[in-house]
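Here the sequence shown stands for residues 917 to 1116, where the numbers follow our numbering. Step one of this worksheet: look at the structure below.
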Amino acid sequence: MVPATAIGALLPLLLLVSDFFTGQLGANPLQRAEQQTGVLALSLLLLSLSTTPLRLIAARADLRLLWPARVRKTLGLTGALYAGVHLLIYGLDKGFNPLNFLSDVLKRPYITVGLSALLLLVPLVLTSRKDSVKRLGFERWTRLHRLSYLVAALGVLHFWWSVKKDHTGPVIALMLLLALFGIRLLLQRRTKARERKAAV
Ligand code: HEM
917 MVPATAIGAL LPLLLLVSDF FTGQLGANPL QRAEQQTGVL ALSLLLLSLS TTPLRLIAAR
977 ADLRLLWPAR VRKTLGLTGA LYAGVHLLIY GLDKGFNPLN FLSDVLKRPY ITVGLSALLL
1037 LVPLVLTSRK DSVKRLGFER WTRLHRLSYL VAALGVLHFW WSVKKDHTGP VIALMLLLAL
1097 FGIRLLLQRR TKARERKAAV
């Protein structure tokens, strides 16, 4: 399951590299590559967030699904990889000039938001190994990894701001994020209430 997920998640990157080198990305290939990696990063992060609500929904129907938890990390890490490639392409587009980058971060709020999302991804990636759960303790690790919702929310805001005309993509991403957050909150509360009831 995990290798298949990784291959599926990395396939678009291979296609993008091949399209880039065969000149199939149109008149502005760097911009196209920037857009595609941005959308892929956000999509994989949202997919990773969808695994817990899916498991909770299945559990309510007395189905014990193991694969969502197994693929969650792969989806999150490949999402972070696309975000890194996205930044790399942006850097390439700007000639890797740190002053240009700093001026963009200070002057363009959507870049500030994108950078914040990327920086917040760093501790999540660094603590993605199993031994980090042991080192931090389950409670602290879980609290830290709730940041993934903030990363996705900043990603959606960044998407919204970066798009000039058609906001269909950002609207879909926002609806998905709200639905995932809502389902998780609702089902977790119900599960806790049931557990409390069973305990008394
Ligand atoms: C330092 C970090 C980042 C920088 C400098 C950056 C830069 C950019 C730029 C310049 C664009 C506009 C491309 C264009 O249409 O010309 C863009 C679009 C986008 N970025 Fe980022 N980004 C960053 C981080 C992120 C992260 C972390 C995510 C995902 C969570 C993300 C997702 C997106 C999406 C979805 C788009 C819209 C693509 C489209 O127009 O279809 N970005 N980004």
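Ideal Cβ placement from N, Cα and C applies to all residues, glycine included. Only a predicted model underlies this, so the values are computations on that prediction, with no experimental measurement involved.
message = Need the endpoints of the alpha helix (DSSP H) that THR1043 sits in, please.
response = That residue, THR1043, is in no alpha helix (DSSP H); it is neither H nor E in DSSP.
inquiry  = With the cut-off set at 8 Å, would you say ILE1005 and LEU946 are in Cβ contact?
reply    = yes
query = Where does LYS1081 fall in DSSP's three states?
reply = coil
ask   = Just checking my contact of ASN1016 with LYS1010 at CB under 8 Å: how many whole Å lie between their CB atoms?
value = About 5 Å separates the two Cβ atoms, so the contact holds.
ask   = What do you reckon, are the CB atoms on GLY1071 and LEU982 nearer than 8 Å?
value = no
Three-way DSSP call (helix, strand, coil) for PHE1012 in this model = In this structure, PHE1012 counts as coil in the three-state DSSP scheme.
task = State the DSSP-derived secondary structure class of ALA999, mapped to helix, strand or coil.
result = In the structure shown, ALA999 sits in a helix (DSSP, three-state: H, G or I).
query = For the candidate residues GLY939, SER966 and VAL933, whose alpha-carbon lies nearest to that of ARG1062?
reply = SER966
inquiry  = Measuring straight from C-alpha to C-alpha, what distance separates LEU1101 and THR1107?
reply    = 10 Å
query = Taking DSSP as the reference, what is the three-state secondary structure of ASP1047?
reply = helix
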